[in-house]
Every structure is written in structure tokens, then in C-alpha cells.
Amino acid sequence: MLPQETSTRLTLTAKGMKFLAERGIIPDIPREDIEDKSKADALAKILCALGMYAMWWNKPLLAKEPILVKSEAITGLLPFMYMSSEVSGRVDPEQMQSQTIVKTLFAYLNLYSKVPEIEYVCCRQTRGEIPASTVPASNGLDSSKMIVSQIKGQDCQRIGPECQELRAFSMGLENTTAFFERRPRVRIATEKYFASNDTADIRIARLSEMLKIEDPITLQNFSHKIAVNTTCIHFKPEQLLVKYSHNWPSDELLRSVDGLVVGMVLWLANFLYGSLHAAAWNDHFPSMLEKWLWRSSAIYIAFCGGLWVILNYMVKSYKRLNEFWEKWMDGEKSWLQNVTLGTIVVICGFSLMFARAYIVVEAFLSIRQLPASAYETPSWSQIFPHF
2 MLPQETSTRL TLTAKGMKFL AERGIIPDIP REDIEDKSKA DALAKILCAL
52 GMYAMWWNKP LLAKEPILVK SEAITGLLPF MYMSSEVSGR VDPEQMQSQT
102 IVKTLFAYLN LYSKVPEIEY VCCRQTRGEI PASTVPASNG LDSSKMIVSQ
152 IKGQDCQRIG PECQELRAFS MGLENTTAFF ERRPRVRIAT EKYFASNDTA
202 DIRIARLSEM LKIEDPITLQ NFSHKIAVNT TCIHFKPEQL LVKYSHNWPS
252 DELLRSVDGL VVGMVLWLAN FLYGSLHAAA WNDHFPSMLE KWLWRSSAIY
302 IAFCGGLWVI LNYMVKSYKR LNEFWEKWMD GEKSWLQNVT LGTIVVICGF
352 SLMFARAYIV VEAFLSIRQL PASAYETPSW SQIFPHF
């Protein structure tokens with residue numbers, strides 16, 4: 002600013018400010034004045050925050066403390082809730098050694114699907130028919146197999162040899178899921194399961210008490226006759242209890258979320274991610290090798306995203322593709338098919354990881370040698386339309 006006798010104000014440049022600072026002339030700027038100059042930043046942050054919270058409107062945030070359910074009414078239901086959930090299942094390490102490499106790997110990564118304890122339990126009824134109020138269940142099974150009925154007053158026990166095979170067949174149909182969504186499972190022999198679990202019989206006894214004391218409970222079940230006047234009832238497992246909530250859609254949700262649809266959305270995002278970085282096709286890179294690695298990585302990421310969107314859609318439309326994957330997961334394919342498919346999956350997976358990692362690393366490495374134009378002050382009037 003010029004002396005007070007003049008009314009014209011001039012603005013100090015960066016060099017002018019440096020010139021004064023070198024001579025000890027540093028203006029005393031209050032914090033309020035600095036914050037007053039950053040209103041545009043605050044507005045941008047507000048807009049970003051509003052957009053974020055609009056998308057996360059129904060998402061719980063900062064759920065650090067659990068809400069404990071304290072009720073005497075839930076005590077009688079706990080045995081069934083625990084036995085019906087996968088958390089009650091067990092994995093036999095010795096049995097896993099005889100399985101395929103994929104199943105063994107999934108077991109050690111805790112991605113293994115455990116058989117719920119309720120699948121080792123049945124309720125015997127010797128009075129004839131199943132209690133009333135039966136309606137077909139909408140789970141894809143034949144209505145004569147899976148029903149929804151009110152269960153009361155039944156005696157529960159370990160499943161016997163006469164219903165193990167039929168039970169495994171029924172639950173095998175029900176647990177079939179979509180391509181790359183199912184986790185492999187190996188069923189432990191009933192005798193071995195109860196031999197390694199000394200508290201299972203206690204829960205079975207409490208389950209019988211629940212069915213005798215509580216009001217009739219409506220449950221999905223599978224039933225079959227093992228004698229003229231004896232019916233064996235098997236309950237459908239449901240994820241009622243878990244150790245912790247999962248981010249990926251699973252059976253614990255109220256509504257059925259198709260894993261294929263979620264996969265298509267994520268792979269579509271992967272396709273857009275690769276396409277966005279391919280926009281720097283003709284950008285400056287420190288070396289020709291880095292340029293072609295960038296191009297190859299961007300193309301490969303976009304290709305994988307587009308390919309898996311198509312594959313997910315095809316698997317959703319054609320069951321044979323899903324059946325092929327199911328059999329490979331269960332080790333029912335030939336040795337050559339297992340090795341071939343496993344090699345392809347491993348190579349493609351690690352290649353995608355390398356491509357994504359290179360995109361991130363190269364974005365910082367390329368800063369070491371920028372073109373001269375990067376240091377020029379842009380003329381915004383030549384970039385944005387103005388009046």
C-alpha cells in the first residue's frame with residue numbers, strides 16, 4: 002500500500018513480499034484474516050461432505066460400542082440361534098488334508114464355509130403328520146421338501162444313518178450359490194463331530210426344551226418319513242448369529258442381495274478405473290518403458306473389469322457356467338482341468354494386482370521428471386470459456 006496521502010492501492014507480488022521480508026518488514030496478519038480468505042475451501046469441503054453423507058445416509062457410522070440385547074425372552078431361543086448359525090460349525094484339520102488345494106487354502110484363510118450344528122440334529126415325531134400351518138417356502142426347492150411350519154413339542158436328537166444321506170442331498174441343493182460366491186465346505190462325519198464337541202448334546206437338550214416350553218415357533222424345515230408313524234424333521238440353517246458383521250453381502254442380511262450384482266458393480270468400477278487412467282495415453286513419462294507399462298496396466302485393468310462384468314452376467318443367465326465352477330471348487334474336475342484353471346486364475350489375479358500397484362506407484366515416480374510446460378503459469382482464459 003502506498004503512503005496515506007494517495008488513495009491508490011497496489012498489490013504486492015510474491016517477489017515484492019520477499020523483498021520486504023528480507024528487510025524485516027513482515028505484516029502482522031491476524032488468524033481471522035487468513036481464515037476469511039479460505040471461504041472457497043470451506044465451501045468445497047461442505048459440498049463434498051454433503052455428497053458423501055447423501056450416499057451414506059442409511060449407513061451406520063462410528064459403531065464402536067455394541068448394543069447389548071438383554072431380555073429373558075431370548076434365553077430360550079439362544080440354543081437354536083447358535084446351532085442354526087455357521088459360527089457353531091467346525092473344521093476338521095485332518096479331513097482338510099485330503100481335500101483339494103483350493104479347499105485347504107480357503108480353510109487356512111478362514112474363508113471356509115462351516116456346516117452349522119443344526120444340520121447334525123433332527124426332531125422325531127411319532128404322532129403322524131407335521132403340525133399344521135404349512136406353506137411352501139420360496140427358496141427354490143420343491144415345496145414337498147422345504148416347508149414353513151409351526152414346530153412345538155418335538156424331541157430333538159442326533160441325526161441317524163437313515164437320514165444323513167437324504168439330509169446332505171437336500172441341504173446341498175439349498176446351499177448352491179452363484180459363480181465365485183460360494184465358499185467350499187466339507188461335512189464332518191456325525192460321530193466325529195459329536196466326539197470333538199462335548200457341549201453339542203447339551204444344546205440339543207435345550208433345543209428340545211425350547212420346543213416344548215415356548216409358543217409354537219415358525220421355522221423352515223425339511224421332513225421325511227423313516228417309519229410308518231415316524232417323521233424326521235430337519236431345520237433349515239440361517240445366519241442368526243455371527244462373530245462380527247461383514248461388509249460383503251451375505252446370508253445374514255434380511256433382504257437377499259445377489260453377490261453377482263455386487264460383483265458386476267465392483268468390476269464395472271474396475272473398468273472405469275482402468276479407462277480413466279488410459280486417458281493419459283499420450284501424456285509425458287520419464288521413459289518410454291514407463292509409458293508402455295502405464296498403457297499396458299490401464300488396458301489390462303479395464304479389460305479385466307469389462308471381462309468379469311460379462312462373465313458375471315453370463316453366469317447369471319447360464320447355469321452350466323455356475324455348475325462348472327461348483328465342480329471345480331469341489332475338486333470334481335480332472336487333474337488337467339484343475340491345474341489349467343488354477344494356473345489361469347493365479348496368473349490373472351497377480352497380474353491385476355501388479356497393474357493396479359504400478360498405476361499408483363508410477364503416478365508418484367513420474368513427478369521426478371516433468372515437462373517444461375508443467376512449470377508454466379496457465380492462462381485460464383484460454384482454457385475456460387468466459388465473457
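Residue numbers (this note's numbering): 2 to 388. Glycine included, every Cβ here is placed at the ideal spot set by N, Cα and C.
Assign residue 53 to one of two classes, buried (16 or more other C-beta atoms within 10 Å of its C-beta) or exposed (fewer than that).
-> As a first step, residue 53 must be located in the sequence shown, where it is residue number 52. That one is exposed.
8 Å Cβ cutoff met for residue 86 and residue 240 = Within the sequence shown, numbered from 1, the residue matching residue 86 stands at position 85. Within the sequence shown, numbered from 1, the residue matching residue 240 stands at position 239. Against a cut-off of 8 Å, the Cβ pair of residue 240 and residue 86 comes out as a contact.
What does a CB cutoff of less than 8 Å around residue 306 pick up in its chain, not counting 5 residues either side in sequence?
-> Along the sequence shown, read from residue 1 onward, the residue named residue 306 stands at position 305. Cβ within range, chain order: 268, 269, 270, 271, 272, 273, 274 and 275.
Where do the ends of the beta strand (DSSP E) carrying residue 240 lie?
-> To locate residue 240, count along the sequence shown from 1; it is residue 239. Per DSSP, residue 240 belongs to no beta strand (DSSP E) and is neither H nor E.
Count the other CB atoms within 10 Å of the CB of residue 319; is the residue buried (16 or more) or exposed (fewer)?
-> In the sequence shown, the residue the question calls residue 319 occupies position 318. Classification of residue 319: exposed, given that the 10 Å Cβ count is below 16.
Near residue 313, what residues of its chain come up, given a Cβ to Cβ distance below 6 Å and the 5 sequence neighbours on each side ignored?
-> Start at 1 with the first residue of the sequence shown, and residue 313 comes out as number 312. Cβ neighbours of residue 313 beyond the five flanking positions: 261, 264 and 265.
Run the CB neighbour count on residue 17, radius 10 Å, all protein chains shown included, and call it buried at 16 or more, exposed below.
-> The residue you call residue 17 lines up with position 16 of the sequence shown. Classification for residue 17: exposed.
In the structure shown, what three-state DSSP assignment does residue 91 receive?
-> Position 90 of the sequence shown, counted from the start, is the residue given in the question as residue 91. Coil, per DSSP.
Thinking just about the alpha-carbon of each residue, which of 204, 44 and 115 is nearest to the one in residue 78?
-> For the purposes of this step, residue 78 is taken as residue 77 along the sequence shown, with counting starting at 1. If we check each option's Cα against that of residue 78, 204 comes out closest.
Just grab the DSSP bridge partners of residue 122 for me.
-> As a first step, residue 122 must be located in the sequence shown, where it is residue number 121. DSSP output for residue 122 lists 159 as bridge partner(s).
Closest Cα partner of residue 231 within the set 115, 81, 44 and 123 = For the purposes of this step, residue 231 is identified with residue 230 of the sequence shown, where counting begins at 1. Looking at the Cα atoms, 123 is the closest of the given residues.
Residue range of the unbroken alpha helix (DSSP H) whose run includes residue 295 = On the sequence shown, position 294 is the one that residue 295 refers to. It spans 289-318 - the alpha helix (DSSP H) in which residue 295 sits, taken as one unbroken run.
Close beta carbons around residue 359, own chain, < 7 Å, minus the five adjacent residues each side = Here residue 359 refers to the residue found at position 358 of the sequence shown. The answer, listed in chain order, is 294 and 298.
Nearest to residue 200 by alpha carbon, out of 27, 91 and 126?
-> The residue given as residue 200 occupies position 199 in the sequence shown. Checking every option, the nearest Cα to that of residue 200 belongs to 91.
Own chain partners of residue 157 with C-beta closer than 6 Å, once the 5 adjacent residues on each side are dropped | As a position in the sequence shown, residue 157 is number 156, starting the count at 1. Result list for residue 157: 122, 124, 205, 208 and 209, in chain order.
Helix, strand or coil for residue 245, going by three-state DSSP, please let me know.
-> Here residue 245 is taken as the residue at index 244 of the sequence shown, counted from 1. It is coil, neither helix nor strand.
Under 6 Å Cβ to Cβ from residue 12, same chain only, skipping five residues before and after it: list those, please.
-> By 1-based counting over the sequence shown, the position of residue 12 is 11. Around residue 12: no qualifying Cβ.
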